[in-house]
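**Student:** In our numbering, the protein residues as written are 13 to 215.
(1) Is it a yes or a no for the stretch 121-132 touching the stretch 20-31, going by three-plus beta-carbon pairs under 8 Å?
(2) Go through the stretch 25-54 residue by residue and report every complete run of the beta strand (DSSP E) that reaches 3 residues or more, in order.
(3) Pick out whichever of 174, 157 and 168 has its Cα sitting closest to the Cα of residue 182.
(4) By the 10 Å Cβ neighbour count, where 16 or more other Cβ atoms means buried, how is residue 23 classified, buried or exposed?
(5) Tell me whether residue 13 is buried or exposed, calling it buried when 16 or more other Cβ atoms sit within 10 Å of its Cβ.
(6) Report the rounded CA-to-CA distance for residue 149 versus residue 193, giving the unit in angstroms.
(7) If you compare alpha carbons, which of 21, 32 and 80 is closest to residue 61?
(8) Can you tell me the Cα-Cα spacing of residue 39 and residue 64, whole angstroms?
(9) Under the rule that 16 or more other beta-carbon atoms within 10 Å means buried, what is residue 172, buried or exposed?
(10) Who are the Cβ neighbours of residue 96 in its own chain at under 7 Å, not counting the five residues just before and after it?
(11) Starting from residue 76, trace the beta strand (DSSP E) both ways and give me its first and last residue.
(12) Only counting the same chain, and skipping five residues up and downstream in sequence, which positions put a Cβ closer than 6 Å to that of residue 191?
(13) For residue 134, collect the residues of the same chain with a Cβ closer than 8 Å to its Cβ; drop the 5 residues on either side in sequence, then sort them by chain order.
(14) Going along the chain, which residues of its own chain have a beta-carbon closer than 6 Å to the beta-carbon of residue 57, five neighbours each way excluded?
(15) How about residue 176 and residue 168: are their beta carbons less than 8 Å apart?
(16) Can you find the residues in the same chain that come closer than 6 Å, C-beta to C-beta, to residue 210, ignoring five residues on each side of it along the sequence?
(17) Identify the residues that DSSP records as bridge partners of residue 167: which are they?
(18) Closest to residue 84 by CA distance: which of 99, 71, 72 and 73 is it?
(19) Do you know how far the Cα of residue 52 is from the Cα of residue 66?
(20) Look at residue 132 and residue 119 and say whether their C-beta atoms are less than 8 Å apart.
(21) Please report how far the alpha carbon of residue 72 lies from the alpha carbon of residue 19, in whole angstroms.
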């Protein structure tokens with residue numbers, strides 16, 4: 013566990029249409045807290061985002077919340093943000109994503125919207141470009157990420173997925189399987205502990 017200190021979680025600021033999404037968020041937050049891992053996430057207090065944060069904080073865990081100023085009254089409220097001792101308010105989305113990347117040793121995507129998809133695809137893109145070797149996990153609640161995996165296979169078969177050995181997201185179906193998957197992946201790959209943030213900052 014020494015290599016993994018903080019886990020970035022991407023997920024929806026809405027709850028979605030199935031209670032299983034929120035329940036998975038709460039369970040993952042509890043697992044992070046129990047394992048002594050810090051949650052790094054986008055600072056929202058609604059939906060699946062809020063569930064992950066509550067699951068972590070309610071079980072004595074640490075949370076690093078990072079949110080752009082213009083979203084403070086969209087994904088959360090100014091008053092709700094007071095629950096976080098570790099709060100970063102950025103000026104832009106790009107800065108938010110960079111700070112989340114820099115502070116994290118692994119990435120997990122729960123169900124979410126276009127923003128969640130964009131964030132995890134960007135992390136996979138940076139992996140393909142050789143900018144990090146941090147574990148990437150898709151928490152496939154009720155098959156949510158199956159279309160994403162099908163799309164990746166389609167891109168691969170069409171000849172557009174280059175260096176695909178660097179893009180191998182781990183797919184798990186249960187929140188309780190996320191941390192064991194991250195730890196196993198980190199143990200199997202000692203090649204790189206950190207991304208090259210100076211390069212990523214220019215992208």
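No residue lacks a Cβ here, since even glycine has one placed at the ideal position from N, Cα and C.
**Tutor:** If we stick to the structure as given:
(1) yes
(2) 50-53
(3) 157
(4) Residue 23 comes out buried.
(5) Only weak support is given to the placement of residue 13: the predicted model assigns it a pLDDT of 48, under 50, and the value that follows is read from those uncertain coordinates. Classification of residue 13: exposed, given that the 10 Å Cβ count is below 16.
(6) 8 Å
(7) 21
(8) If you draw a straight line from the Cα of residue 39 to the Cα of residue 64, it comes to about 7 Å.
(9) Exposure of residue 172 is indicated by the presence of fewer than 16 other C-beta atoms within 10 angstroms of its C-beta.
(10) 75 and 77
(11) 75-80
(12) If we look at residue 191 and ignore the five residues flanking it on each side, its Cβ neighbours are 43 and 47.
(13) 109
(14) 88 and 92
(15) Yes.
(16) Below a pLDDT of 50, predicted positions are generally treated as unreliable, and residue 210, at 42, falls in that range; the measurement from the model is reported next regardless. Here the set comprises nothing.
(17) Paired residue(s): none; residue 167 is not in a bridge.
(18) 99
(19) Between the alpha carbons of residue 66 and residue 52 lies a distance of about 13 Å.
(20) A contact, by the Cβ cut-off of 8 Å.
(21) 16 Å
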